[in-house]
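Protein sequences appear in the order of chains R and F. Numbering-wise, this note's numbering puts 257 at position 77 of the first sequence, and it's gapless, one number per residue. Numbering-wise, this note's numbering puts 201 at position 21 of the second sequence, and it's gapless, one number per residue. Here a beta-carbon is modelled for each residue, glycine too, at the ideal position from N, C-alpha and C.
2 protein chains.
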Amino acid sequence: MFPKLDPLLHSELRLAVMSILAGVESADFTYIRTQTGATAGNLSVQIEKLDAAGYITVEKGFKGRKPCTTCRITPAGQEAFGKYVEALKEYLSSGAS
Amino acid sequence: MFPKLDPLLHSELRLAVMSILAGVESADFTYIRTQTGATAGNLSVQIEKLDAAGYITVEKGFKGRKPCTTCRITPAGQEAFGKYVEALKEYLSSGAS
DNA sequence: ATAAACAAGTTTACATTATAAACCAAATTA
DNA sequence: TAATTTGGTTTATAATGTAAACTTGTTTAT
Chain R
181 MFPKLDPLLH SELRLAVMSI LAGVESADFT YIRTQTGATA GNLSVQIEKL
231 DAAGYITVEK GFKGRKPCTT CRITPAGQEA FGKYVEALKE YLSSGAS
Chain F
181 MFPKLDPLLH SELRLAVMSI LAGVESADFT YIRTQTGATA GNLSVQIEKL
231 DAAGYITVEK GFKGRKPCTT CRITPAGQEA FGKYVEALKE YLSSGAS
């Protein structure tokens with residue numbers, strides 16, 4: 181009845197990151213930071229976790245002469261996100277508007 | 181863009197409990213336990229939190245001579261659950277099927 | 001009648017997770 | 001060149017989740 185929710189995605193900030201990345205080809209650290217309003221430290225940690233899980237790739241380069249970290253969702257990440265959304269619906273159905 | 185998710189509801193077990201209670205007049209501890217598959221200890225703790233928040237009421241009585249704990253969602257709980265569902269949709273939209 | 005097993009939870013100790021404060025390096029501005 | 005800003009990372013602490021151990025009482029077996 182209640183499927184297990186992927187604990188990696190069941191986190192406000194990581195979910196927001198994945199939600200952003202699911203909709204675009206790529207996004208850099210600062211963009212994600214402003215969109216989510218997260219602190220840099222927190223975002224850094226959570227991005228690392230998503231990277232470690234293979235849900236996103238993280239590419240460190242430069243934009244002009246400033247460092248720039250670019251994130252992309254992977255196919256595995258897309259799939260996990262999709263499954264999470266489906267699983268979550270089971271939990272919300274009773275109160276859906 | 182990403183609304184804050186009520187941390188009390190953004191928990192797998194508490195969300196499942198609320199999901200169950202949103203759909204029925206009341207449910208007792210053991211019913212919730214079997215539906216969710218949670219351990220009694222964990223369920224006890226999480227029910228206490230929902231109670232403390234005023235999202236549910238907890239009534240201790242007896243069924244025959246055995247103790248029986250009955251839970252009910254409150255209007256505040258219904259509202260919080262509804263708002264949580266709405267907020268979550270913002271996070272899921274990118275990957276909705 | 002007494003012991004063993006079960007039911008319904010609660011308490012508590014531990015593990016995991018989240019978060020922010022402190023830090024670092026390079027670039028820009030005053 | 002000194003201070004500030006940008007773009008992060010590391011790390012220490014706080015918050016949260018979870019299961020194991022315990023409690024109280026009931027039912028079943030001996």
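Nearest to residue i (by Cα), restricted to the options the options
i, options, result
"T249(R)", "P255(R), A256(R), E228(R), L193(R)", "E228(R)"
"G234(R)", "L272(R), A220(R), P183(R), E259(R)", "E259(R)"
"T214(R)", "V197(R), L230(R), V225(R), E239(R)", "V197(R)"
"E192(R)", "T216(R), K240(R), M181(R), L201(R)", "T216(R)"
"L201(F)", "L268(F), K269(F), P255(F)", "P255(F)"
Beta-bridge pairing of residue i - partner residues as DSSP gives them
i, result
"P247(R)", "F242(R)"
"A256(R)", "According to DSSP, which records beta bridges pairwise, A256(R) is partnered with nothing at all."
"A202(R)", "Answer is none; A202(R) lacks a bridge partner."
"D208(F)", "T250(F)"
"T237(R)", "R252(R)"
Distance, residue j Cα to residue i Cα
i, j, result
"S199(R)", "S273(F)", "8 Å"
"T237(R)", "L195(R)", "15 Å"
"V204(R)", "A218(F)", "37 Å"
"S224(R)", "K246(F)", "51 Å"
"G257(R)", "Y271(F)", "15 Å"
"N222(R)", "I212(R)", "12 Å"
_Three Cβ pairs or more, each shorter than 8 Å: is that satisfied between the region 187 to 199 of chain F and the region 258 to 266 of chain F?_
Between the region 187 to 199 of chain F and the region 258 to 266 of chain F there are three or more C-beta pairs closer than 8 Å, enough to call the two in contact.
*Touch check for the region 201 to 210 of chain F and the region 236 to 256 of chain F: three-plus C-beta pairs under 8 Å?*
Contact between the region 201 to 210 of chain F and the region 236 to 256 of chain F is present: 3 or more CB-CB pairs across the two stretches fall below 8 Å.
*Check each residue of the region 226 to 256 of chain R: if its Cβ is closer than 7 Å to any Cβ of chain F, include it; give the result in chain order.*
Listed by position, the residues of the region 226 to 256 of chain R near chain F (Cβ gap below 7 Å) amount to none.
*Using a Cβ-Cβ cut-off of less than 7 Å, give me the residues of the region 205 to 228 of chain F that come near chain R, in sequence order.*
Residues of the region 205 to 228 of chain F with a C-beta less than 7 Å from any C-beta of chain R: Q215, T216, listed in chain order.
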